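For the sequence shown, numbering that gives the first Met the number 0 begins at 0 and goes up steadily by one.
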Amino acid sequence: MDKKVMLNEVLRLSRPQPPGPDEFGWREYRDHLESVEGLRLCRKSIQDRLNSLVEKNILTKRQTIYKGKQCLVYRLVEQSK
Numbered sequence: 000m001d002k003k004v005m006l007n008e009v010l011r012l013s014r015p016q017p018p019g020p021d022e023f024g025w026r027e028y029r030d031h032l033e034s035v036e037g038l039r040l041c042r043k044s045i046q047d048r049l050n051s052l053v054e055k056n057i058l059t060k061r062q063t064i065y066k067g068k069q070c071l072v073y074r075l076v077e078q079s080k
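Laid out in structure tokens, this is it:
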């Protein structure tokens, strides 16, 4: 099995599977999906706020690699007095 096929299989297995409509646990599954979507929206609003601070020249933004993952680094712009 090549790496791409293995990765797709791991991702497929790691996704929560919805229980049948008559099985116990459907409400918990729906609540889980809503909380994931809530986190996604929260993350998006934080990202929008950071980007607006970059546009106002309050923060600088750059991409870097940290522990093998691509990350964004924000820093305060030095204010001259």
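Ideal placement from N, C-alpha and C gives every residue a C-beta, glycine not left out. Bear in mind that the values here come from a model prediction, so they are computed numbers and not experimental data.
Membership of LYS60 in the beta strand (DSSP E) is indicated by the continuous run 58 to 65. Rounded to whole angstroms, ARG74 and ILE64 show a C-alpha spacing of 16 Å. Comparing alpha-carbon positions, the option among ARG42, LEU40, ILE57 lying closest to GLN78 turns out to be ILE57. Per DSSP, the beta-bridge partners of GLN69 are ILE64.
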